[in-house]
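A.B. asks: In my numbering, the protein residues as written are 25 to 160.
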Amino acid sequence: MPLSGHCLCKAVTYTVDVEAPILTGYDHCDDCQRQSGSTYSLVAVVPKDKLTVQGPLKKWEGKGSSGHSVWRWFCSECGSPIAHDPDAAPEIIALKGGSLDVEIKKTLKPDTEIWTVSKLPFCQEHLAKPFEHMPQ
25 MPLSGHCLCK AVTYTVDVEA PILTGYDHCD DCQRQSGSTY SLVAVVPKDK
75 LTVQGPLKKW EGKGSSGHSV WRWFCSECGS PIAHDPDAAP EIIALKGGSL
125 DVEIKKTLKP DTEIWTVSKL PFCQEHLAKP FEHMPQ
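1. Considering only DSSP beta bridges, list what Tyr38 is partnered with.
2. To test your reading of the DSSP string, which unbroken beta strand (DSSP E) runs of 3 or more residues are found completely within the stretch 67-151?
3. Name the two residues that bound the continuous beta strand (DSSP E) containing Thr48.
4. Could you tell me the alpha carbon to alpha carbon distance between Tyr50 and Arg96, rounded to whole angstroms?
5. Look at the alpha carbon of Gln78 and the alpha carbon of Ile46, and state the distance between them as a whole number of angstroms.
6. Just verifying my parser: in three-state terms, what is the DSSP assignment at Ser62?
7. Tell me which residues share the same chain as Ser93 and place their Cβ nearer than 6 Å to its Cβ, disregarding the 5 neighbours each side in the sequence.
8. Using the Cβ count rule (16 or more neighbours within 10 Å means buried), how would you classify Lys87?
9. State the Cα-Cα distance for the pair Asp125 and Cys53, rounded to the nearest angstrom.
10. On the premise that Val70 lies in contact with Leu132, defined as a C-beta separation below 8 Å, what is that separation, rounded to the nearest angstrom?
11. Sort Thr140, Glu127, Asp135, Gln148 by Cα distance to Gly29 and report the nearest one.
12. Distance, Cα to Cα, Lys120 vs Thr140?
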């Protein structure tokens, strides 16, 4: 069964023609904290060429630590974050875990923490396998 999800108002929907994410993790980078409005963003990394998105998507360009653009995707109607798309890794995209369909997100098993260099000090010691930046 492919992965699928949507924004809060359901104007943006997506499917990913894969059975499971490449990586499921907690992203502690400052930009993800701000986009999620929380202490981290749960991400499901998938091959970008397997993703199909429909609906009123808006993209905002920021800069990653690499100096390359990181495109933040969100619904232009309700503002729900959908994904972040790093130009430094054009073959993948990080879907926001909360946007996945309920039955799919219930089965997620986060196995990685990224950008722990930005992890807030009051967070649990280790949620998963930690990387100070992106895994190499």
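We put the beta carbon where it would ideally sit given N, CA and C, even for glycine.
C.D. replies: Well, looking at it:
1. Residue numbering aside, residue 38 sits at position 14 when the sequence shown is read from its first letter. Tyr38 pairs with Gly29, Val77.
2. 75-78, 81-87, 93-99, 105-110, 116-120, 136-138
3. Against the sequence shown, residue 48 aligns to sequence position 24. Taken as a continuous stretch (DSSP letters only), the beta strand (DSSP E) holding Thr48 covers 47-51.
4. As a first step, residue 50 is located in the sequence shown; it is residue number 26 there, counting from the start. As a first step, residue 96 is located in the sequence shown; it is residue number 72 there, counting from the start. Distance between the alpha carbons of Tyr50 and Arg96: 17 Å.
5. Sequence index remark: in the sequence shown, residue 78 carries index 54 (1-based). Sequence index remark: in the sequence shown, residue 46 carries index 22 (1-based). Roughly 22 Å between the two C-alpha positions.
6. For this step, residue 62 is matched to residue 38 along the sequence shown. Ser62 falls in the coil class under three-state DSSP.
7. Within the sequence shown, numbered from 1, the residue matching residue 93 stands at position 69. Within the same chain, Ser93 has close Cβ partners Glu85, Asp111.
8. Working through the sequence shown from its first residue, we reach residue 87 at position 63. Classification for Lys87: exposed.
9. Taking the sequence shown and counting its residues from 1, the one referred to as residue 125 is at position 101. Taking the sequence shown and counting its residues from 1, the one referred to as residue 53 is at position 29. Cα to Cα, the separation comes out at about 24 Å.
10. For the purposes of this step, residue 132 is taken as the residue at position 108 of the sequence shown. For the purposes of this step, residue 70 is taken as the residue at position 46 of the sequence shown. Not really, about 12 Å apart at Cβ, beyond 8 Å.
11. The residue labelled residue 29 in the question sits at position 5 within the sequence shown. The shortest C-alpha separation from Gly29 is found at Glu127.
12. Translated into positions along the sequence shown, residue 120 becomes position 96. Translated into positions along the sequence shown, residue 140 becomes position 116. Taking the straight line from one Cα to the other gives about 18 Å.
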